[in-house]
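First up is the structure itself, then whatever we jot down about it.
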Amino acid sequence: MSMSISKEEVIGVEKSKIKGKGVVISEYGLQFYVLISICIGVMVLTVLLVNITLNGIDRLNANLFFNYASSNVNEAGMRAAILGSLYTVVFAIAIALPLGIATGLYLNEYGGNNIVTRLIYSTLTNLAGIPSVIFGLVALSFLSYNLGLGRSIIVGSIALAFLVLPLITVTTIESARMVPATHRLAAYALGARKYQVVFKVVLPQIIPTALTSSILALSRAMGEAAPILVISGLIFVRRDPLSLFDEFTVMPLQIYNWVSRPQQAFIELSAAGIIVLLIILLTLNVLAIYLRNRLQRRIVE
Amino acid sequence: MVMSKGAEKARGKGDREDEKNKLIFSNTNTILLDIIVRYSLLVAALLTTLAIIIIAYSLISESWSFFLHIPMDKFLFGDRWAAFFDDKSFGVLPLLAGTVLTTAVALSLAIPIGIGSAIFLSEYASSSLRRIVKPILEILAGIPTVVYGYFALYFITPNLQSFIPDLATYNALAAGLAMGVMIIPTIASLSEDAFYAVPQSLKAAGYALGARKSTVVMRIIIPYTLSAIVAIVILGIGRAVGETMIVTIAAGLKPTLTLNPFESVMTMTSAIAQAATGDAPRGTIEYTSLFAVALYLFVIVAILNLLSSYLKKRWEIKV
Chain A
6 MSMSISKEEV IGVEKSKIKG KGVVISEYGL QFYVLISICI GVMVLTVLLV
56 NITLNGIDRL NANLFFNYAS SNVNEAGMRA AILGSLYTVV FAIAIALPLG
106 IATGLYLNEY GGNNIVTRLI YSTLTNLAGI PSVIFGLVAL SFLSYNLGLG
156 RSIIVGSIAL AFLVLPLITV TTIESARMVP ATHRLAAYAL GARKYQVVFK
206 VVLPQIIPTA LTSSILALSR AMGEAAPILV ISGLIFVRRD PLSLFDEFTV
256 MPLQIYNWVS RPQQAFIELS AAGIIVLLII LLTLNVLAIY LRNRLQRRIV
306 E
Chain B
96 MVMSKGAEKA RGKGDREDEK NKLIFSNTNT ILLDIIVRYS LLVAALLTTL
146 AIIIIAYSLI SESWSFFLHI PMDKFLFGDR WAAFFDDKSF GVLPLLAGTV
196 LTTAVALSLA IPIGIGSAIF LSEYASSSLR RIVKPILEIL AGIPTVVYGY
246 FALYFITPNL QSFIPDLATY NALAAGLAMG VMIIPTIASL SEDAFYAVPQ
296 SLKAAGYALG ARKSTVVMRI IIPYTLSAIV AIVILGIGRA VGETMIVTIA
346 AGLKPTLTLN PFESVMTMTS AIAQAATGDA PRGTIEYTSL FAVALYLFVI
396 VAILNLLSSY LKKRWEIKV
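So the sequence lines, in the order shown, correspond to chains A and B. Using the numbering used here, the letters of the first sequence map in sequence onto residues 6 to 306. Using the numbering used here, the letters of the second sequence map in sequence onto residues 96 to 414.
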């Protein structure tokens, strides 16, 4: 009659209800599995960085930055590729950032649950899923040939811009959602029109995230080789790009060129090129994190 | 008299308030501006839709001129791809086999490791450990694909060859493994987000019944997030199918109709990339064949995306 339940009964319940059926894995088994999983990721990163550093460190010298591509491995550098990357990527962000912010603001501030909004949302998810090499192929066909822009920097920039557009748009939407409704209501109470709310209340508050996401987009675009490979071809550039309509090459492409050569010296050179590329990308990422923390603090103040 | 004076005063004050507000929100032509801003933002947003339309149009129109020369069944079911030989043949099956093979290798690494990492991060790691481990995974996600290609060709392959002697120098296995490493962070961070969304009450109920952590993970968290996990895996498949540089560098650029991962293969993406490095002058059949391959790829990826977003929607409704 007592309300107390014996220990055996509790264990019995546990055994019948919880261990009854399905996959059973022991506690230590699961711990071992998840630990191995996380270690593999960390280990691969370490091995990759060490391997590339050891292979490339000897070839890491000033030639790499100041010389043009050459068939003589001791003189070969990637000056044209570094400049090409810089122009292409900066111009791509100059297109993608305003476009991405405008799209994000429209979707969050104006778009209700209508057919246009849903159409734009579904294009964004589709755009994000399209393989980058297809962006290159379409840019080559439509921009280079049909519009006559040639296999030039501007075509590469536009392709990369649409490649990173979903990233910038989604972060804009997310940060615009974080702006408190009271801020908007306060502005409306003062007689503001919608565009004034959007530009004077919402936009200033999403600038830090926009800046961070644009730097992340910059580093993503800088690492892309496939679309640029299709657009520019694997050409030998031995001069600085002068205008947006010049032919060009980019860093990952120069590295690919060296990787695919049979001589050991060029393979080492490609490792050195990878070191330069990774240092630039890492710097960009650290900068993004620093800016985000700094600007966010200022807005809170 | 007194009353009206007061009212006048009040009106005057109101006007001054308006003046002040005008400084913040100036009222000249605001209705027009409001409309202009609204529609210019809409136009910007619709540019993304225009981009998709242009992509589909380009792929379809160039493929159209390809299919005028090559019948579609010879393309879809042909078992030999030789776009640059004198004896041309445009059967896409070898490329499809290469894509399927490298994707399968990549996912058989990335799914277990990615989900294991996510369980570790969401259930086992302390917050300080997570602050160290998560950025490492993020770095892994940010590494350019040419770097993974280099790693596959000059690190993974030589090491595998030491215990698989008949492994080709360029092979699907190493490329697939490198691709798997590339996808691990995506699967890990998305699954982690899904695991966090499991209601605390469900987990607490499990623990209250005396369940161990492993039981809560296997019986509550995994079943609850199953449709999200499937959506994430499909997303991973989409990324693997579209990956270009790793397979171009390390898988061999040799169209082979095989499912043996030790052999050299060419994927749909690397066929496109290879044609770009060689010459496929505009208007030739080699050039248009690339668009047919790209269109096929586009359709596969679009179906995967649809499937993934359908599953995600189901999952979001459940939450």
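Idealized CB from N, CA, C, for every residue including glycine. No experiment lies behind these values; they were computed from the predicted model shown.
- Comparing C-alpha distances from V195 of chain B to each of B:S212, B:I279, B:I332 and B:T379 shows the shortest one belongs to B:I332.
- Here the C-alpha atom of A226 of chain A lies approximately 29 Å from the C-alpha atom of C44 of chain A.
- If you look at P230 of chain B, you'll find it in the alpha helix (DSSP H) that goes S222 to G237.
- Taken in chain order, the members of the stretch 110-127 of chain A whose beta-carbon sits within less than 9 Å of a beta-carbon on chain B are L110, Y111, L112, E114, Y115, G116, V121, T122, L124, I125 and S127.
- The three-state reading of DSSP puts A263 of chain B in coil, since its state is none of H, G, I, E or B.
- Neighbourhood of R198 of chain A in chain B, by CB distance below 8 Å: F120, T125, I126, L128 and D129, in chain order.
- Using a C-beta cut-off of 8 Å, the stretch 378-390 of chain B makes no contact with the stretch 316-333 of chain B, since fewer than three inter-stretch Cβ pairs fall below that distance.
- The C-beta distance from A276 of chain A to G61 of chain A rounds to 3 Å, short enough to fall under 8 Å.
- In the DSSP assignment, R123 of chain A falls within the unbroken alpha helix (DSSP H) covering I120 to G134.
- The beta carbons of A267 of chain B and V360 of chain B sit about 5 Å from each other, so the pair counts as a contact at 8 Å.
- Taking C-beta atoms as the reference points, L142 of chain A and I367 of chain B count as a pair closer than 8 Å.
- Spanning the alpha carbons of D63 of chain A and Y249 of chain B requires a straight line of approximately 17 Å.
- Three or more Cβ pairs closer than 8 Å define a contact, and the stretch 202-215 of chain A falls short of that threshold against the stretch 136-155 of chain A.
- For secondary structure counted as the alpha helix (DSSP H) over 4 or more consecutive residues, the stretch 201-283 of chain A holds these complete runs in sequence order: 208-228, 231-237 and 256-264.
- Annotation: the continuous alpha helix (DSSP H) that includes N56 of chain A extends over E32 to G61.
- In this structure the stretch 157-169 of chain A touches the stretch 219-234 of chain A; the number of beta carbon pairs closer than 8 Å is three or more.
- Cβ contact annotation for S184 of chain B (same chain, cutoff 6 Å, sequence separation greater than five): R175 and A177, in chain order.
- Under the Cβ criterion of 8 Å, A230 of chain A is counted among the residues facing chain B.
- Close to G186 of chain B, with beta-carbon spacing below 9 Å, lies no residue of chain A; the smallest spacing is near 20 Å.
- In the DSSP annotation of this structure, the continuous segment of the alpha helix (DSSP H) that includes D168 of chain B starts and ends at M167 to F172.
- Using beta-carbon distances, P350 of chain B does not count as an interface residue toward chain A, since no partner is under 8 Å.
- Taking L289 of chain A as the centre and dropping the five residues before and after it, the same chain places the C-beta of I220, L223 and S224 closer than 7 Å to its C-beta, in chain order.
- DSSP, read as helix, strand or coil, puts V160 of chain A in helix.
- In this structure A191 of chain A is exposed. Its beta-carbon is surrounded by fewer than 16 other beta-carbon atoms within 10 angstroms.
- For I380 of chain B, no Cβ of chain A is located within less than 8 Å of the residue's own Cβ.
- For a Cβ distance threshold of 8 Å, nothing in chain B lies close to F96 of chain A: the least Cβ distance comes to about 17 Å.
- Judged by DSSP in its simplified three-state form, S184 of chain B adopts strand.
- Of the residues A:Q36, A:G278 and A:E229, the one whose Cα lies closest to the Cα of S217 of chain B is A:Q36.
- Among the bridge pairs identified by DSSP, A177 of chain B is matched with B:S184.
- If you compare the alpha carbons of B:V242, B:S158 and B:I227 with that of A231 of chain A, the shortest gap goes to B:V242.
- Per DSSP, reduced to three states, the secondary structure at G305 of chain B is coil, with no helix or strand assignment.
- Of all residues in the stretch 158-185 of chain A, only F167, L170, P171 and T174 come within less than 9 Å of chain B when Cβ atoms are compared, listed by chain position.
- Shown here, G153 of chain A sits in coil according to DSSP, grouped into three states, outside any helix or strand.
- Counted as a single uninterrupted DSSP element, the alpha helix (DSSP H) harbouring I327 of chain B occupies residues L321 to G337.
- Neighbourhood of F253 of chain A in chain B, by CB distance below 7 Å: empty, with the nearest CB roughly 14 Å away.
- Taking the Cα positions, V325 of chain B is about 17 Å away from V200 of chain B.
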